[in-house]
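A short worksheet on the structure shown next.
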Amino acid sequence: MPTILESIASGCLGGLDEKALSSLLSLPSPVTALSILNKVASSQDEVRNVSAFVSTAVRNAQPTPGKQELESALALMEQARHLDEKAIRELQGKSVQAACNALGILLQQTEGSVRNPSAYVCRNLQNDRRGPEDLPVAGVPYQTSMAPPRSAPPPPPVAQPNFAAGGMLPVGRPLIEISPGGLEALDDLLAKWRPAIDQKAWQSLMALDTLAVDILQELDQKADQIRSPSAYVQRAVGNAKAGHTPGRPRAGMQPPPPAPMGSMIPGAPPPPLPFQAGSGQGFAPAEESPEVGNLFSDQVQAWSPSAYSHATNGNQGQANLISAPNEAFFGCENVLSLLDDDAKRALDNLSEEVARKIVLQLSDQRSKVNNPSAYVMKAVRNAQHESPGASRPPMQALPDSLSQPPPPMDGDIMELEEELGMVSASLDEKALSALHELPAGSAVHIVRNLRKQEAQVTNASAWVCKAVGNMKRPPPPSTGAPEFAKRARV
């Protein structure tokens with residue numbers, strides 16, 4: 001089922017292509033996406049290419065919505081009759097952040113799941129008890145941190161609402177044993193981690209019983225030491241299904257020492273325990289996976305546990321994105337799904353660490369890259385040119401070698417991607433491939449000429465292919481050149 005935001009986008013802009021719609025829905029704030037939709041809908045008669053307009057607006061959008069974006073979003077919600085006047089006034093009377101949180105939660109619900117959107121938003125505003133310390137810092141991407149409406153917990157053992165996933169979380173023991181803070185603390189925990197965990201990992205987590213809460217609580221305690229929450233959750237779910245209960249030490253291991261009594265403050269939660277290598281809960285036993293046991297018991301500061309496992313076994317394998325992608329790429333599924341098979345095969349020819357660096361660099365520049373596969377192919381060629389035949393470095397050198405990202409894209413390539421964003425909807429794959437065969441400066445020149453003559457060009461793809469062919473053709477001989485120097489006609 002589509003979300004309310006997806007339904008509004010489809011209703012307002014029927015001619016929006018899939019790529020532009022995907023980039024719009026991937027914005028951190030649903031309110032920002034709704035304000036862009038209102039801007040396009042109000043000036044649709046003046047916009048010739050709606051998809052290009054939306055793509056440009058997404059690239060230029062701020063990380064967090066402001067008052068102007070909120071007012072624009074509310075205007076569209078009122079025009080579409082999703083909210084009544086009372087709800088609009090309630091939202092306008094609150095702070096921008098509180099109003100954006102309440103409206104954003106509504107827009108992320110599936111269509112038809114909310115019977116009264118106006119009452120739902122007003123209830124969200126009443127439940128917003130965040131203090132000033134919870135407001136986002138300037139420059140930090142928007143994340144929904146407010147829990148949806150809560151109801152009184154039913155007597156155990158029953159199912160508690162799982163608002164963040166839109167379903168039910170099975171409960172097999174009293175709520176006070178699961179979450180000392182009660183239902184409110186449980187809701188806050190779910191809402192906090194839902195945006196950071198991908199859909200596949202979240203679904204596998206929600207398939208568990210009360211162990212899901214144990215895994216989330218352990219994840220929350222170790223947040224500073226975990227690079228990929230999705231990969232951590234998937235590993236913890238697998239261990240839980242194998243019988244290793246989260247939050248309980250393995251056989252032969254001692255739990256971390258409790259905090260000193262003097263540091264406990266009455267009425268406040270205990271301070272987080274320091275992370276100790278070897279005391280992690282929920283991992284496979286050392287005898288079943290010796291390299292994983294060594295990873296934690298030896299206190300190796302590894303950037304990638306999977307890379308450490310390969311290095312311990314002496315396996316200088318490669319990325320294997322097509323045959324069997326491993327956990328080193330967990331959390332990168334959304335980026336990898338944008339690549340074609342040729343780009344994945346090119347990454348497979350590199351070592352795992354170099355391939356991951358390229359994928360992470362692409363993820364950072366995703367909003368600026370029009371053709372992810374072409375970007376990867378160029379990055380692979382650069383990596384092979386810089387260190388041909390180089391194998392992966394030993395594990396001790398991983399942090400130093402990975403601290404330096406791949407070389408950034410030069411100005412011409414960035415300019416080409418921006419120009420292509422304006423005309424890519426009218427070009428087929430053949431024309432785009434032909435442009436990427438030229439130097440970036442020459443391709444930019446062709447695309448700019450196409451934009452100038454767009455009104456006179458009936459087939460943009462054929463025009464581009466012909467221009468690329470002319471660009472590749474050698475120049476004619478100069479006047480007075482000897483006859484044998486002229487190009488022979490075939």
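For the sequence shown, position 463 matches number 463 in full-length UniProt numbering, and the numbering has no gaps at all. For glycine and all other residues, C-beta sits at the position ideal for the given N, C-alpha and C. None of these values were measured; they are calculated from a predicted model.
Quiz item: For Val457, which residues of its own chain have a beta-carbon under 6 angstroms away from its beta-carbon, when the five flanking residues on both sides are left out?
Solution: Trp463
Quiz item: Based on the DSSP secondary-structure assignment, which residues constitute the bridge partners of Thr3?
Solution: Thr110
Quiz item: What are the start and end residues of the alpha helix (DSSP H) that includes His82?
Solution: Where His82 is concerned, there is no enclosing alpha helix (DSSP H), given that its DSSP letter is neither H nor E.
Quiz item: Can you give the Cα-Cα distance for Lys344 and Met77, rounded to whole angstroms?
Solution: 42 angstroms
Quiz prompt | Thr210 versus Leu186, Gly11, Thr110, residue with shortest Cα-Cα distance | solution = Leu186
Exercise. Could you check the C-alpha separation between Phe53 and Ala455 for me, to the nearest Å?
Key: 18 angstroms
Quiz item: Is it a yes or a no for the stretch 72-88 touching the stretch 109-118, going by three-plus beta-carbon pairs under 8 angstroms?
Solution: yes
Self-check item: C-alpha distance - Pro2 paired with Ser113, whole-angstrom precision
Solution: 11 angstroms
Quiz item: Taking the Cβ atom as the reference point for each residue, do Val50 and Gly104 lie within a distance shorter than 8 angstroms?
Solution: no
Practice problem: Please name the residue in Gln92, Ala440, Leu125 whose C-alpha comes closest to that of Ala102. | Solution: Leu125
Exercise. Starting from Pro60, trace the alpha helix (DSSP H) both ways and give me its first and last residue.
Key: The sequence given here has Asn at residue 60, not Pro. Start and end: 50-60.
Quiz item: If you check the beta carbons only, do Ala346 and Val369 fall under 8 angstroms apart?
Solution: no
Practice problem: Closer than 7 angstroms by C-beta to Lys94: which residues in its own chain qualify, once you throw out the five before and the five after it? Chain order, please. | Solution: Leu125
Practice problem: Could you check if Lys357 is buried or exposed, using at least 16 other CB atoms within 10 Å of its CB as the buried criterion? | Solution: buried
Quiz item: Does the Cβ of Gln225 have 16 or more other Cβ atoms within 10 Å, making it buried, or fewer, making it exposed?
Solution: exposed
Exercise. Tell me whether Leu16 sits in a helix, a strand or coil according to DSSP, three-state version.
Key: coil
Quiz item: Secondary structure at Ser42, three-state DSSP: helix, strand or coil?
Solution: helix
Quiz item: Taking just the CA atoms, how far does Ser367 sit from Ser23?
Solution: 8 angstroms
Quiz item: Helix, strand or coil: how does DSSP classify Lys86 here?
Solution: helix
Quiz prompt | Cα-Cα separation, Leu450 to Glu419 | solution = 10 angstroms
Practice problem: Taking all protein chains shown into account, decide if Gly172 is buried (16 or more other Cβ within 10 angstroms of its Cβ) or exposed. | Solution: With a pLDDT of 46 at Gly172, under the threshold of 50, the predicted position of this residue should be treated as unreliable, and no value is reported.
Quiz item: Looking at C-alpha atoms only, which residue of Gln453, Lys466, Asp341 is the closest neighbour of Leu432?
Solution: Lys466
Quiz item: Roughly how many angstroms separate the alpha carbons of Lys19 and Leu91, rounded to a whole number?
Solution: 32 angstroms
Quiz item: Would a C-beta distance cut-off of 8 angstroms place Leu189 and Leu208 closer than the cut-off?
Solution: no
Quiz item: In three-state terms, what does DSSP make of Ser72?
Solution: helix
Quiz item: Would a C-beta distance cut-off of 8 angstroms place Leu25 and Ile8 closer than the cut-off?
Solution: no
Self-check item: Among Ala236, Ser363, Glu353, nearest to Lys339 - alpha-carbon criterion
Solution: Sequence check: residue 339 is Leu here, not Lys. If we check each option's Cα against that of Leu339, Ser363 comes out closest.
Exercise. Please list, in chain order, all residues of the same chain as Ile88 whose beta carbon is under 8 angstroms from its beta carbon, the five residues on each side excluded.
Key: Leu74, Met77, Glu78
Quiz item: Among residues of its own chain, excluding the 5 on either side of Ser72, which ones have a beta-carbon nearer than 7 angstroms to its beta-carbon?
Solution: Ser35, Asn38, Lys39
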